[in-house]
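Comments concern the structure below.
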Amino acid sequence: MNRQSLRSKIVVSIFGLAMLFPFIWMVSSSLKVGAEAFATPPTLIPKHPTLENYRRVFEIIDLPRLFLNSLIISIIIVTLQLTTASLAGYAFARLHFRGKNAIFVVYLATMMIPFQVILVPMFIEMRQLGLIDSYLGLILPTCTSAFAVFLMRQVMLGIPRELEEAAILDGASHFRLFRSIALPLCVPTLATLGILGFMGTWNAFLWPLVMIYSPEKMTLPLGLALLSGEHSSSNDWPMIMAGTTLSIIPIVIVYLLFQRKIAQSFLTAGLKG
Amino acid sequence: MKGRKVKIWAAGVVGILAGGVGLVGTPVHAATKTTITYYTFSAAPDHTKALNAMVAAFEKKNPTIHVVVQNGAYGDYFTKLKTRIVGNLAPDTFELNFENFVPYALSGTLLDLNSQSKKDKTFKKSAYYGKAYNVFAMKGKQYGLPASFSTVVLFYNKDLFKSAGVALPNSSWDWSDEIAASAALKAKLPEGSYADFQPVQFFEFYKTLAAAGGKFFNADKTKVLFNKAPGIAALNNLINRVKDGYMPNKAQLGTVGEIGLFTTGKLAMIHTGIWNFDGFKDLPFGWDIAVEPGSVSPSNHFFSNAVVASAKTKHPEAAWKWARFMTSDPAAVKIRIAASWEIPAVSDKKALAGYLNNPLPANRPAVFEALKYPTVPPVIRQQQQMQDAVSAWLEKALNGSVSVTEALNSAASDVNALLEKE
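In order, the protein sequence lines correspond to chains A and B. Taking our numbering, the leading residue of the first sequence gets 1, the next gets one more, and so forth. Taking our numbering, the leading residue of the second sequence gets 274, the next gets one more, and so forth.
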């Protein structure tokens with residue numbers, strides 16, 4: 001190992017630890033009893049580690065149900081986002097139709113509108129459709145993603161024309177081109193979008209907050225919010241940390257499964273546009 | 274083996290059919306049950322069991338009514354409640370605190386409960402603590418039944434007082450006694466420990482203002498009066514204790530916060546709510562409470578949460594029954610006291626005796642002593658804007674960017690502008 005490589009590894013490790021520290025702190029706090037969480041000097045390794053905070057989380061909220069709800073909703077939304085984004089991305093990258101660029105620009109512009117601005121109109125729309133307090137009301141508004149379409153278009157622009165022309169000579173239709181040529185080449189991007197979409201949906205709070213009323217339909221972030229009391233000064237922080245630790249487990253698993261694909265996809269997405 | 278499988282299948286099919294035709298687990302009166310929703314912010318996370326017990330007791334007494342509890346986190350409760358009301362999807366019954374009650378009552382979203390109480394021959398408003406009952410009435414209409422009330426008292430660490438050789442606080446203290454004790458404690462306490470803490474914000478300001486003999490609004494609520502001499506004295510009392518090093522400043526509070534400082538034995542006195550009793554019960558040092566010191570007159574916080582019903586509920590009678598039960602039925606009162614879920618807003622002293630029997634803190638009667646001089650929060654339709662404006666100017670005075678007088682005059686000008694739009 002040469003000196004430069006060692007130096008860069010040290011730098012990366014320091015940054016890595018800095019990023020990791022809040023998570024370590026969260027897990028450490030979740031194992032402490034009330035007073036130790038505020039002790040000065042703070043302790044990283046709990047003096048009397050306990051799982052009591054985790055037990056209380058399970059007692060207060062129906063965690064398995066919340067997990068299941070979030071998981072089902074996240075999987076459905078991500079599947080729909082990937083389907084719509086890959087089809088739209090293919091159309092914007094490979095088809096020729098009037099107003100294509102204008103539509104794409106308008107589509108991109110929607111990314112600049114903060115969600116809070118469209119919250120009320122969307123709520124009214126859902127109410128008129130009778131979808132308040134339903135899973136469908138949660139899923140429909142987020143089943144497409146402008147960012148995902150943008151990323152898929154960029155990647156599909158990079159597919160060599162020769163591949164497409166050869167397939168057309170063999171009599172392939174556009175859908176066949178999409179399914180057999182474009183899609184297999186976009187797997188890393190789909191993986192990236194999958195994890196980004198999953199993280200976004202898993203952590204979504206505001207839209208589920210206004211849409212879901214029934215406790216049995218709540219998603220995980222809504223349930224976790226119930227761990228904070230009316231008086232924030234008397235919140236049981238170790239218990240909140242325990243709930244938060246449990247909630248990030250699926251995200252960590254998904255990230256660990258797809259991390260290589262993510263880095264690969266971001267590196268190639270900007271090559272051609 | 275094959276025979277056993279057949280039996281399992283047969284049992285399954287019979288079970289499904291029985292369930293399908295309503296033979297298993299379906300009450301006979303299911304079809305006639307009225308279902309109402311109850312949306313609440315004060316149950317989660319610590320009192321959900323107590324609330325479920327109340328619902329079970331209510332449903333036992335009223336077998337034709339089913340209450341669906343919807344818990345909300347306080348921080349997001351009003352965002353969601355507003356959306357639900359705007360979307361014509363308001364819960365049948367829900368919880369409101371006094372500070373947020375006025376805008377809802379004025380906007381016509383609440384049911385006048387007098388329409389139901391008149392029909393209920395056994396109802397007596399004297400069952401409630403008078404002050405709590407009356408604050409949820411407006412223009413002759415009763416919009417809420419008080420479920421609980423609470424106040425703020427002076428908590429103190431007995432061990433720190435004893436080790437510093439300073440006399441313990443008592444209910445005859447006034448501001449000067451608190452300052453004198455703080456000075457004595459400061460001289461003895463080690464580095465990193467503090468004598469006192471009282472937040473410098475809207476809620477503490479209107480209370481100390483009343484203690485200094487001042488008033489927040491004029492009689493017809495068209496102008497504020499808090500920028501006069503009593504207001505200046507009140508804010509000086511709060512800020513000077515930080516300047517003199519008796520109370521920790523924001524940087525010294527850090528992420529530990531005032532409750533963290535107190536629970537780790539680094540704060541001798543703290544002005545905070547009685548809702549902390551349960552959280553403090555296992556502290557490894559002796560602690561007790563006293564009525565908060567006043568100045569010209571005693572003044573203590575009075576907070577109350579009520580159960581209200583939506584004006585658009587399709588089940589006003591069931592909503593009334595639930596609101597009445599949850600707030601004053603002896604069974605619900607008993608559950609509330611056992612769970613240390615604030616104080617039930619009832620007048621029955623026998624029922625409240627259970628609250629006083631709890632051994633910690635020893636001076637529990639101070640809670641009721643404090644409630645003899647209640648100061649209710651000043652409320653207007655644009656409540657949040659008013660609170661934010663006042664708190665922002667108090668913060669500026671605290672960090673020294675403006676003088677106390679300038680801060681109060683600026684806050685007065687902001688609130689007067691809000692009052693013009695009322």
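Positions of the beta carbon are idealized from the N, C-alpha and C atoms, including for glycine. Values in this document were obtained by computation on a predicted structure and should not be read as measured data.
I want to verify the contact list: residues of chain B whose CB lies under 7 Å from the CB of residue i, in sequence order.
| i | result |
| --- | --- |
| A:Phe123 | Thr356 and Gly360 |
| A:Ile132 | Gly360 and Leu362 |
| A:Ile118 | None at all; the shortest Cβ gap to chain B is about 14 Å. |
Is the beta carbon of residue j closer than 8 Å to that of residue i?
| i | j | result |
| --- | --- | --- |
| B:Gln656 | B:Asn373 | yes |
| A:Val78 | A:Gly243 | no |
| A:Ser86 | A:Leu177 | no |
| B:Ser620 | B:Ser399 | yes |
| A:Gly229 | B:Pro617 | no |
| B:Phe371 | B:Val425 | no |
| B:Tyr347 | B:Phe396 | no |
| B:Asp365 | B:Ser583 | yes |
| B:Lys501 | B:Gly487 | yes |
| B:Phe434 | B:Ala541 | yes |
| A:Ile73 | A:Ile132 | no |
| B:Ala483 | B:Ser572 | yes |
| B:Pro634 | B:Asp555 | no |
| B:Ala680 | B:Leu691 | no |
| A:Gly89 | A:Met26 | no |
| B:Ile452 | B:Ala670 | no |
| B:Thr648 | B:Tyr406 | no |
| A:Thr219 | A:Leu108 | no |
Residue i versus chain A: which residues are under 7 Å apart at the beta carbon?
| i | result |
| --- | --- |
| B:Asp349 | Leu209 and Ala225 |
| B:Val529 | Phe38 and Thr40 |
| B:Asp319 | Gly229 |
| B:Ser315 | Glu230 |
| B:Ala346 | Ala225, Leu226 and Ser228 |
| B:Gly533 | Phe38 |
| B:Gly546 | His231 |
| B:Thr366 | Correct list: empty, because the minimum Cβ distance to chain A is about 13 Å. |
I'd like the span of the beta strand (DSSP E) that includes residue i, first residue to last.
| i | result |
| --- | --- |
| B:Ser421 | Gly417 to Ser423 |
| B:His339 | Ile338 to Asn344 |
| B:Phe576 | Phe576 to Ala582 |
| B:Tyr479 | No beta strand (DSSP E) contains B:Tyr479, which is instead part of the alpha helix (DSSP H) from Phe475 to Ala484. |
| B:Ala604 | Counting along the chain, B:Ala604 falls outside any beta strand (DSSP E), though it belongs to the alpha helix (DSSP H) covering Pro603 to Ala611. |
| B:Asp312 | One point to set straight first is that residue 312 of chain B is Tyr, not Asp, in the sequence displayed. Residues Thr307 to Thr313. |
| B:Asp561 | Trp560 to Ala563 |
Buried or exposed: which applies to residue i, given that a residue is buried once 16 or more other Cβ atoms fall within 10 Å of its Cβ?
| i | result |
| --- | --- |
| B:Ala378 | buried |
| B:Trp448 | buried |
| A:Ile124 | exposed |
| B:Val688 | buried |
| A:Ile118 | exposed |
| A:Phe15 | exposed |
| A:Pro208 | buried |
| A:Met241 | buried |
| B:Asp695 | Before going further, note that residue 695 of chain B is Glu rather than Asp in the sequence given. Result: exposed. |
| A:Pro237 | Note that residue 237 of chain A is Trp in the sequence shown here, rather than Pro. Buried. |
| A:His96 | exposed |
| A:Gln259 | exposed |
| B:Lys716 | Given a span of 274 to 695 for chain B in the structure shown, any question on residue 716 of chain B remains unanswerable. |
Can you pull the chain B residues whose beta carbon is under 8 Å from the beta carbon of residue i, in chain order?
| i | result |
| --- | --- |
| A:Ser29 | Those do not exist, as A:Ser29 stays about 11 Å from chain B at its closest Cβ, beyond 8 Å. |
| A:Arg127 | Gly360, Asn361 and Leu362 |
| A:Ile14 | Under the 8 Å cutoff, chain B gives no residues; its nearest Cβ is about 23 Å from A:Ile14. |
| A:Ile24 | In chain order: nothing, as chain B lies at least about 16 Å away. |
| A:Ile253 | Result: empty, since nearest Cβ-Cβ is about 26 Å, beyond 8 Å. |
What residue range is occupied by the uninterrupted alpha helix (DSSP H) comprising residue i?
| i | result |
| --- | --- |
| A:Val120 | Phe115 to Gln128 |
| A:Asn69 | Leu63 to Arg94 |
| A:Trp25 | Arg3 to Ser30 |
| B:Leu369 | Here B:Leu369 belongs to no alpha helix (DSSP H); instead the beta strand (DSSP E) covers Thr366 to Asn370. |
| B:Thr545 | First-last for B:Thr545: Met542 to Gly546, but that is the beta strand (DSSP E), not the alpha helix (DSSP H). |
| A:Ile60 | Glu52 to Ile60 |
| B:Trp614 | Element bounds for B:Trp614: n/a, residue is neither H nor E. |
Find the residues of chain B that neighbour residue i, judging by a C-beta separation of less than 9 Å, and give them in chain order.
| i | result |
| --- | --- |
| A:Pro215 | Val341, Val342, Gln343 and Asn344 |
Does any C-beta atom of chain D lie closer than 8 Å to the C-beta of residue i?
| i | result |
| --- | --- |
| A:Ala35 | Within the model displayed, chain D is absent; protein chains A and B are what it includes. |
How close, in whole Å, do the beta carbons of residue i and residue j come, if the pair is a contact with beta carbons under 8 Å?
| i | j | result |
| --- | --- | --- |
| A:Pro215 | B:Gln343 | 6 Å |
| B:Ala612 | B:Val564 | The Cβ separation is near 25 Å, so there is no contact. |
| A:Ile45 | A:Ser29 | With 8 Å as the limit, A:Ile45 and A:Ser29 do not qualify as a contact, their Cβ atoms being about 11 Å apart. |
| B:Ala410 | B:Thr382 | About 16 Å separates the two Cβ atoms, so there is no contact after all. |
Closer than 8 Å by beta-carbon distance: list the chain A residues that pair up with residue i, in chain order.
| i | result |
| --- | --- |
| B:Thr537 | Ala35, Phe38, Ala39 and Thr40 |
Anything in chain A within Cβ reach of residue i, meaning under 9 Å, just list it in chain order.
| i | result |
| --- | --- |
| B:Lys353 | Leu209, Val210 and Tyr213 |
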